[in-house]
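By UniProt numbering, the letter at position 83 of the sequence shown is numbered 83, and the numbering carries on one by one without gaps.
The beta carbon of each residue, even a glycine, is placed where N, CA and C say it ideally should be.
To keep things clear, I will list the structure first and then write my remarks on it.
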Amino acid sequence: MERDSVVLVTGASSGIGKAVASRFLAEGYKVIATGRRFERLIELRDATPEDQKSNLLIAELDVTNYLSVAEFLAHLPAEFKSIQILVNNAGLALGLEPAYKAELLEWFQMIDTNIKGLINITNEVLPGMIERNHGHIFNVGSVAGTYPYPGGNVYGSTKAFVHEYSSDLRAGLANTALRVSSIEPGMISGTEFSNVRLKDDERAAKVYDGIKALSAEDMAETIFWAANLPTHVSINKLEVMPVQQSFSAPNFYRE
Ligand code: NDP
Ligand code: 8X3
C-alpha cells in the first residue's frame, strides 16, 4: 500500500486498535480512528506527534448503529474518503460463565458488535474499494473462534463467524484485486479486553500472571506487515499465539 493510503480502524480508543492507528500514522498513512469513547480518541490525538496529527481523523462511532455508520462514511472529508485499508477490530467478550448462567443481553451485545458491527462497516466501505479495485480488509478474529473453551460461549461463536465470513467475503471478491485477512490472535495483555470481559480489574490482571502474552503492538506489527506484502500475496487467515500458549486435549467426563 502507498504510504499516504487511508486506513479506517474501528475500536481505536484502546488496545489493538489504538496500536494499529499509531503504527500506520508513524509510517505516513492517513488514519481514521473510531470508537465510542471520544475522550479516549482525543487522548490518542494528543499523544500523536505534531507532524502526524493532520493525518489523523478521530470520530465517535458505535459500529452497532448501522445508520450512524452509513451517515459517518457518507460524510468523510475528501482527503479521507478513499479508504484503502479497513481494520475491523472493534469487539468484545462479556462474561466467562457457563451458558446456563450467562446474561442473554450480553450475548446479544457480542453478536451486535463482533458480527453485525463488523458487517455494517464492511458493507459501507466495500463499494468504494470495488470501484477503485484496491483495498485490504482486516477482520480481527480470535483463537477462540477455532478452539472452544468453557465460558467461550457466544464470544467464541462470534469469532468463528469472523473466520468464516472473511473466507466467504474473499470468495466473492475472487475476480478483484481486493484482499481479506482474518487475523486470529491468542492471549494479548495490556489491552482492556479482560477488564471488559470480567468487570473486575484485579481478576483481569491475574489472567496474565506468569505469561509473556502478545501485546497490542505485536498485533499492529502483524497487520502492518500483512498490509505491506506485495499486492499479489494474500494472507487469508493468520493465527498468532504467545509461545507460552498452546492447545489442550478434549475433555472427558468419566462415570
Ligand atoms: P480492548 O477492550 O482494549 O479494545 C476493544 C475496542 O473495541 C475498544 O476500542 C472499544 O472502544 C471498541 N468497541 C467495543 N464495542 C464497540 C462498539 N459498539 N462500537 C465501536 N467500538 C467498540 O480490547 P482488545 O484491543 O484486546 O480487542 C480488540 C479486538 O481484538 C476485539 O475484537 C477482540 O475480540 C480481539 N481479540 C483480543 C484478544 C485479547 O486477548 N485481548 C485476543 C484475540 C482477539 P469503545 O469502548 O471506546 O467503543
Ligand atoms: C481473546 C482470546 O483466548 O481469551 O479472543 O478468547 S481468548
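Counting C-beta neighbours from all protein chains within 10 Å, is the total for residue i 16 or more, i.e. buried, or is it exposed?
i	result
E184	buried
I159	Residue identity check: residue 159 is Lys in the sequence provided, not Ile. The residue in question, K159, is buried, as its Cβ has 16 or more Cβ neighbours within 10 Å.
V180	buried
L86	buried
A216	buried
R203	exposed
G172	exposed
T191	buried
R254	exposed
K18	buried
F252	exposed
Y100	exposed
F247	exposed
For residue i, write down the residues that DSSP places opposite it in a beta bridge.
i	result
I211	According to DSSP, which records beta bridges pairwise, I211 is partnered with nothing at all.
G35	E60
H232	H232 is not bridged to any residue.
K30	V6
residue 314	In the structure displayed, the chain extends from 1 to 255; residue 314 sits before or after that span and is not available.
F138	V87 and S181
I188	L214
Using beta-carbon positions only, say whether residue i and residue j come within less than 8 Å of one another.
i	j	result
T34	T10	yes
N120	V69	yes
K30	E79	yes
Q84	L94	no
S182	N139	yes
I16	I188	yes
N88	T122	yes
L41	S5	no
R3	E27	yes
N55	A102	no
P98	P150	yes
G186	V233	no
H163	K237	yes
L92	E124	no
I58	L44	yes
A249	I235	no
D62	R36	yes
**Prompt:** Just checking, does the stretch 143 to 156 make contact with the stretch 202 to 213 on the three C-beta pairs under 8 Å criterion?
**Reply:** No, they do not touch.
| message | Taking 8 Å as the cut-off, does the stretch 122 to 132 touch the stretch 38 to 58 (at least 3 CB pairs, one atom from each stretch)? | response | No, because fewer than three Cβ pairs between the stretch 38 to 58 and the stretch 122 to 132 fall closer than 8 Å, the two stretches do not touch.
**Study point:** Uninterrupted beta strand (DSSP E) stretches inside the stretch 79 to 112 (no shorter than 3 residues)
**Key:** As far as the stretch 79 to 112 is concerned, its whole beta strand (DSSP E) runs of at least 3 residues are 83 to 88.
*asked:* Contact between the stretch 171 to 183 and the stretch 192 to 206 is defined here as three or more beta-carbon pairs at a separation below 8 Å; is this criterion met?
replied: When Cβ pairs closer than 8 Å are counted between the two stretches, the stretch 171 to 183 is seen not to touch the stretch 192 to 206, the count staying below three.
The stretch 217 to 229 touching the stretch 11 to 28, judged by at least three CB pairs closer than 8 Å:
For the pair of segments examined, the stretch 217 to 229 was found to touch the stretch 11 to 28: the number of CB pairs separated by less than 8 Å reaches three.
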